[in-house]
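Q:
Protein chains: 4
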Amino acid sequence: MTLVLHDLPADVQSAVAAARQRVSDLHAELPRNGLVVWTAGNVSERVAGADLFVIKPSGVSYDELSPESMVVCTLEGEKIADGTPEHLKPSSDTAAHAYVYRHMEYVGGVVHTHSTYAVAWATVGEPIPCVTTMAADEFGGEIPIGPFAIIGDDSIGQGVVETLRDSRSPAVLMQNHGPFTIGRDAKAAVKAAVMVEEVARSVTIARQLGTPIDIPGDTIAALNDRYQNVYGQ
Amino acid sequence: MTLVLHDLPADVQSAVAAARQRVSDLHAELPRNGLVVWTAGNVSERVAGADLFVIKPSGVSYDELSPESMVVCTLEGEKIADGTPEHLKPSSDTAAHAYVYRHMEYVGGVVHTHSTYAVAWATVGEPIPCVTTMAADEFGGEIPIGPFAIIGDDSIGQGVVETLRDSRSPAVLMQNHGPFTIGRDAKAAVKAAVMVEEVARSVTIARQLGTPIDIPGDTIAALNDRYQNVYGQ
Amino acid sequence: MTLVLHDLPADVQSAVAAARQRVSDLHAELPRNGLVVWTAGNVSERVAGADLFVIKPSGVSYDELSPESMVVCTLEGEKIADGTPEHLKPSSDTAAHAYVYRHMEYVGGVVHTHSTYAVAWATVGEPIPCVTTMAADEFGGEIPIGPFAIIGDDSIGQGVVETLRDSRSPAVLMQNHGPFTIGRDAKAAVKAAVMVEEVARSVTIARQLGTPIDIPGDTIAALNDRYQNVYGQ
Amino acid sequence: MTLVLHDLPADVQSAVAAARQRVSDLHAELPRNGLVVWTAGNVSERVAGADLFVIKPSGVSYDELSPESMVVCTLEGEKIADGTPEHLKPSSDTAAHAYVYRHMEYVGGVVHTHSTYAVAWATVGEPIPCVTTMAADEFGGEIPIGPFAIIGDDSIGQGVVETLRDSRSPAVLMQNHGPFTIGRDAKAAVKAAVMVEEVARSVTIARQLGTPIDIPGDTIAALNDRYQNVYGQ
Numbered sequence: 001m002t003l004v005l006h007d008l009p010a011d012v013q014s015a016v017a018a019a020r021q022r023v024s025d026l027h028a029e030l031p032r033n034g035l036v037v038w039t040a041g042n043v044s045e046r047v048a049g050a051d052l053f054v055i056k057p058s059g060v061s062y063d064e065l066s067p068e069s070m071v072v073c074t075l076e077g078e079k080i081a082d083g084t085p086e087h088l089k090p091s092s093d094t095a096a097h098a099y100v101y102r103h104m105e106y107v108g109g110v111v112h113t114h115s116t117y118a119v120a121w122a123t124v125g126e127p128i129p130c131v132t133t134m135a136a137d138e139f140g141g142e143i144p145i146g147p148f149a150i151i152g153d154d155s156i157g158q159g160v161v162e163t164l165r166d167s168r169s170p171a172v173l174m175q176n177h178g179p180f181t182i183g184r185d186a187k188a189a190v191k192a193a194v195m196v197e198e199v200a201r202s203v204t205i206a207r208q209l210g211t212p213i214d215i216p217g218d219t220i221a222a223l224n225d226r227y228q229n230v231y232g233q
Numbered sequence: 001m002t003l004v005l006h007d008l009p010a011d012v013q014s015a016v017a018a019a020r021q022r023v024s025d026l027h028a029e030l031p032r033n034g035l036v037v038w039t040a041g042n043v044s045e046r047v048a049g050a051d052l053f054v055i056k057p058s059g060v061s062y063d064e065l066s067p068e069s070m071v072v073c074t075l076e077g078e079k080i081a082d083g084t085p086e087h088l089k090p091s092s093d094t095a096a097h098a099y100v101y102r103h104m105e106y107v108g109g110v111v112h113t114h115s116t117y118a119v120a121w122a123t124v125g126e127p128i129p130c131v132t133t134m135a136a137d138e139f140g141g142e143i144p145i146g147p148f149a150i151i152g153d154d155s156i157g158q159g160v161v162e163t164l165r166d167s168r169s170p171a172v173l174m175q176n177h178g179p180f181t182i183g184r185d186a187k188a189a190v191k192a193a194v195m196v197e198e199v200a201r202s203v204t205i206a207r208q209l210g211t212p213i214d215i216p217g218d219t220i221a222a223l224n225d226r227y228q229n230v231y232g233q
Numbered sequence: 001m002t003l004v005l006h007d008l009p010a011d012v013q014s015a016v017a018a019a020r021q022r023v024s025d026l027h028a029e030l031p032r033n034g035l036v037v038w039t040a041g042n043v044s045e046r047v048a049g050a051d052l053f054v055i056k057p058s059g060v061s062y063d064e065l066s067p068e069s070m071v072v073c074t075l076e077g078e079k080i081a082d083g084t085p086e087h088l089k090p091s092s093d094t095a096a097h098a099y100v101y102r103h104m105e106y107v108g109g110v111v112h113t114h115s116t117y118a119v120a121w122a123t124v125g126e127p128i129p130c131v132t133t134m135a136a137d138e139f140g141g142e143i144p145i146g147p148f149a150i151i152g153d154d155s156i157g158q159g160v161v162e163t164l165r166d167s168r169s170p171a172v173l174m175q176n177h178g179p180f181t182i183g184r185d186a187k188a189a190v191k192a193a194v195m196v197e198e199v200a201r202s203v204t205i206a207r208q209l210g211t212p213i214d215i216p217g218d219t220i221a222a223l224n225d226r227y228q229n230v231y232g233q
Numbered sequence: 001m002t003l004v005l006h007d008l009p010a011d012v013q014s015a016v017a018a019a020r021q022r023v024s025d026l027h028a029e030l031p032r033n034g035l036v037v038w039t040a041g042n043v044s045e046r047v048a049g050a051d052l053f054v055i056k057p058s059g060v061s062y063d064e065l066s067p068e069s070m071v072v073c074t075l076e077g078e079k080i081a082d083g084t085p086e087h088l089k090p091s092s093d094t095a096a097h098a099y100v101y102r103h104m105e106y107v108g109g110v111v112h113t114h115s116t117y118a119v120a121w122a123t124v125g126e127p128i129p130c131v132t133t134m135a136a137d138e139f140g141g142e143i144p145i146g147p148f149a150i151i152g153d154d155s156i157g158q159g160v161v162e163t164l165r166d167s168r169s170p171a172v173l174m175q176n177h178g179p180f181t182i183g184r185d186a187k188a189a190v191k192a193a194v195m196v197e198e199v200a201r202s203v204t205i206a207r208q209l210g211t212p213i214d215i216p217g218d219t220i221a222a223l224n225d226r227y228q229n230v231y232g233q
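Top line first, the protein sequences correspond to chains A, B, C and D. Residues 1 to 233 (the UniProt record's numbering) make up the first sequence, in order. Residues 1 to 233 (the UniProt record's numbering) make up the second sequence, in order. Residues 1 to 233 (the UniProt record's numbering) make up the third sequence, in order. Residues 1 to 233 (the UniProt record's numbering) make up the fourth sequence, in order.
1) Measure from the C-beta of Ala120(C) to each C-beta in chain A and report whether the shortest distance is under 7 angstroms.
2) If I measure Cβ to Cβ from Met195(D) and keep anything under 6 angstroms in the same chain, skipping five residues before and after, which residues do I get?
3) Would His97(C) and Ile156(C) be called neighbours here (beta carbons separated by less than 7 angstroms)?
4) Identify whether Ser66(D) lies in helix, strand or coil by the three-state DSSP scheme.
5) Over what stretch of residues does the alpha helix (DSSP H) that includes Ser202(A) continue unbroken?
6) Could you run through the segment 31-46 of chain B and flag, in chain order, every residue whose CB is less than 8 angstroms away from some CB of chain A?
7) For Val124(B), would you say it is in contact with chain D, using Cβ-to-Cβ distances shorter than 7 angstroms as the test?
8) Just to confirm, is the Cβ distance from Thr181(A) to Val72(A) under 7 angstroms?
9) Alpha carbons only, please: which of Gly178(D), Arg102(D), Val203(D) and Thr132(D) is nearest the one belonging to Gln158(D)?
10) In the DSSP assignment, the beta strand (DSSP E) including Leu173(B) goes from what residue to what residue?
11) At what residues does the alpha helix (DSSP H) containing Phe139(D) begin and finish?
12) Express the C-alpha separation of Leu223(D) and Gly183(B) in angstroms, rounding to a whole number.
13) Between Met70(B) and chain A, is any beta-carbon pair separated by less than 7 angstroms?
14) Looking at Thr113(D): is its Cβ nearer than 7 angstroms to the Cβ of Pro57(D)?
15) Using a threshold of 7 angstroms, state whether the C-beta atoms of Val131(D) and Pro212(D) are closer than that.
16) So with Cβ pairs under 7 angstroms, would you call Asn176(D) a contact of chain C?
17) Inspect the beta-carbon positions of Val23(D) and Ala81(D) and report whether they are closer than 7 angstroms.
18) Could you please give the first and the last residue of the uninterrupted beta strand (DSSP E) stretch that includes Ser61(A)?
19) Taking only three categories from DSSP, how would you classify Gly83(C)?
20) Can you tell which of Ile151(A), Glu76(A), Ser167(A) and Ala188(A) has the C-alpha that lies nearest to the C-alpha of His177(A)?
21) Buried or exposed: Ser169(D), going by 16 or more other Cβ atoms within 10 Å of its Cβ?
22) Between Thr211(A) and chain B, is the shortest Cβ-Cβ distance under 7 angstroms, so that the two count as touching?
23) Find the residues of chain D that neighbour Thr116(B), judging by a C-beta separation of less than 8 angstroms, and give them in chain order.
24) Can you pull the chain D neighbours of Met134(C), defined as C-beta to C-beta under 7 angstroms?
25) Can you list the residues of chain D that Gln208(C) reaches, using a CB-CB cut of under 9 angstroms?
26) Indicate the three-state DSSP secondary structure (helix, strand or coil) for Asp11(D) in the structure shown.
27) Does the beta carbon of Val107(A) come closer than 7 angstroms to any beta carbon on chain C?
28) For the beta strand (DSSP E) that Pro31(B) lies in, which residues bound it at each end?
29) Which residues does DSSP list as the beta-bridge partners of Asn229(C)?
30) Could you spell out where the alpha helix (DSSP H) holding Leu164(A) opens and where it closes?
31) Please report the straight-line C-alpha distance between Ala149(A) and Ser92(A), rounded to a whole angstrom.
32) Short of 6 angstroms in beta carbon distance, which residues of its chain neighbour Gly77(C), apart from the five on each side in sequence? Order them along the chain.
33) Between the alpha carbons of Thr219(A) and Leu173(A), how many angstroms are there, rounded?
34) Anything in chain C within Cβ reach of Gly152(D), meaning under 8 angstroms, just list it in chain order.
35) Can you name the residues that DSSP bridges to Phe53(A)?
36) Does any CB atom of chain D fall closer than 7 angstroms to the CB of Val23(C)?
As structure tokens, this is what we get:
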């Protein structure tokens, strides 16, 4: 039996509408921050109070997106009826997003990009060491590498979940592929996607200049704790 | 005898107008994606149902282009009469585009740029290895190097056709020169031009970090097949 | 006893308003010059004729800033009452800015960023050598490295002041962290922040090409003296 | 005796106005093409039919420029009376521009920038080899290095003229400093400034990948001749 959007309770329909607006708006941050070319990146957000999430439609360019074109899916990654214009399929990465929402209940947002420097680290299969205060603040340690996994089943989602479950980092670099990031909502996951590329870039350049200086592990932990709990409004 | 645009059948004139609009619009993607400086790149598209294609005028800057300024040419690369304002010559790369259309009938669009990282690989004469899933999706293998060829006769066109004829890749890096890309239409060729630069960039950076991990050949083939046949709407 | 903005003399209130306008406007230069991602950078300016300065609110994005949202602080880094909307905290770097204003009375503006190339030099802990005329003009010598210091007390401010007190350079690279710059006003400090990234970038690339040629010390001093005293209107 | 603008013949005043408009507009190309930060670059153009040229005012930001703020100078680099608002001084590089106009009568435009990659080559003192067809087209050989010269007298202008007099290249990299480019008018000199940075960038990256393949000298000469005489409208 397929779920139908306009049969859902009014508060869920309202939460869907709000999530669609946010996710549509947040996609503009991907090209704006230089994280994507063409259509190669996507944002999703869990719908509060329902087993649903909203995600980018597949292969649509960023400046053609609107709240109405965001696809509504179940946590199994199935598009619900009346959840978007009939002709739009959800992102080809929907199964990976859905797997994360099913297995990490505190995650409210997921982002996937192929941002250039993060992809480079993913391609050599090396975690990005935590050698800047920005990295300590946001990631609380190295940015880990996930397994090489092929699109088409749950293997990407599994790789993301298994790598991030025991990590302070909200970002994983899937080998030869690119970063997936998570957050309490879509905005936090987008921020992590922005930060993983910036950290990848600065550490790449540091390596070209010489040997990055280590930051002690307990200092990293203290910076991360402070940033996650004190920073911002 | 020179072809005259307004003597052609109405449906061909209509197809010419549509192609001019698309090709004019698509040129905006070149500077937007950082693929060109000054006037150093051009897009063309075959006119459906006629032995014609439309291409950028030579030496005109991207923000001065309009559908009306796109030049209409025969498959021999000759500008047709009444096909554009009298004072505009077609791109200096017209002969290469024309050669591709004459010899690869399934090609509907051609793009040439001097995008920075792709030019760098072309200058050392080394194919870009297929070490990212993005590269596997779009190119299905390494991005090959074409011969060094001089502008002025058919040698560039021949080099493009001979290199791409037996390749899954829609892009070739002409040695010391830059990329040519092909597609079923101009938009697909522009997408390939965007992707070749992005892949060139990420693999360059991966090399600076260490040794890129190979993706097995059959996995590359599977990713490419899926992407070309399933992705998008 | 907390200072209250609308109890201050009229000329101070007017100076606060002018500083807020300038500091709000100058924040736009940070993303425009590619110095920041997300909210990772801040500008402050001393208020003429008062022991106050204005600074960015914490964690607010650059395109949401307005003169009204700039936070007014004492030189001890305490937000004054009625100095901004109640819900806004000053930048998490406020203590460092305040320390600089207390200890360097000729400083009227302070900027902190995590600009990419400057962070890379900070991460290897190496001063940027003065090998371009632009660097000689703006910095009058190498751009020095400051100590590794943790946010939360005066140690960052101390590191900035101790490093810059005896230097011609208006910029210091705090180890593993990023640049702090100073100036006679906020605009001058922003200019130094722009220049430190540009110099970091060009010298990084020069190193990749070969060995930068030294500029003799007396020539550096002469260029710096001329630029600081003759250039501009 | 100081020249006064409104005492000049009507056709010269008209040529001055046209040059001011062009030079003001062309300055927008410098930030647009990523060639400058802050105010670090300038364009000038010779006035047809008079021993005058117009140039950027010193230290004014690019988005505050207007035709009226362009400074009119004699070929000795002296600002003429009534040639601009009283408070604006010409660019601090005016003496170098003036020297070029006095000694190279076929030069109608001069541009100076500190574009990043060109500065890097200037800093290691190595000419940029001609290994791409774009470089052959525009520069007709390597882009030469000029002497290290200090601002304040004619030594920069002399270095530019002596280096370019016997070169096909319209660009010279002044050691530890940056590029100066020349052209038949200001637009051609701006184009050369754009191209020198692009060539510097692609050859830097090629070097990181391996060994650039040489282009034979007679092929370079043929490409350059064709491009200078056939390309464009």
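The beta-carbon is built from N, C-alpha and C at its ideal position, and this holds for glycine as well.
A: Straight from the coordinates:
1) yes
2) Glu138
3) no
4) coil
5) Ala186 to Leu209
6) Asn33
7) yes
8) no
9) Arg102(D)
10) Ala171 to Met174
11) Thr133 to Phe139
12) 29 angstroms
13) no
14) no
15) yes
16) yes
17) no
18) Taken as a continuous stretch (DSSP letters only), Ser61(A) belongs to no beta strand (DSSP E), as it is neither H nor E.
19) coil
20) Ile151(A)
21) buried
22) no
23) Glu198, Arg201, Ser202 and Ile205
24) Ala40 and His114
25) Ala120, Thr204, Arg207 and Gln208
26) helix
27) no
28) Here Pro31(B) belongs to no beta strand (DSSP E); instead the alpha helix (DSSP H) covers Glu29 to Arg32.
29) Answer by DSSP bridge pairing: none, since Asn229(C) is not bridged.
30) Ser155 to Leu164
31) 14 angstroms
32) Thr94, Ala95 and Ala98
33) 24 angstroms
34) Arg226
35) Arg46(A) and Cys73(A)
36) no
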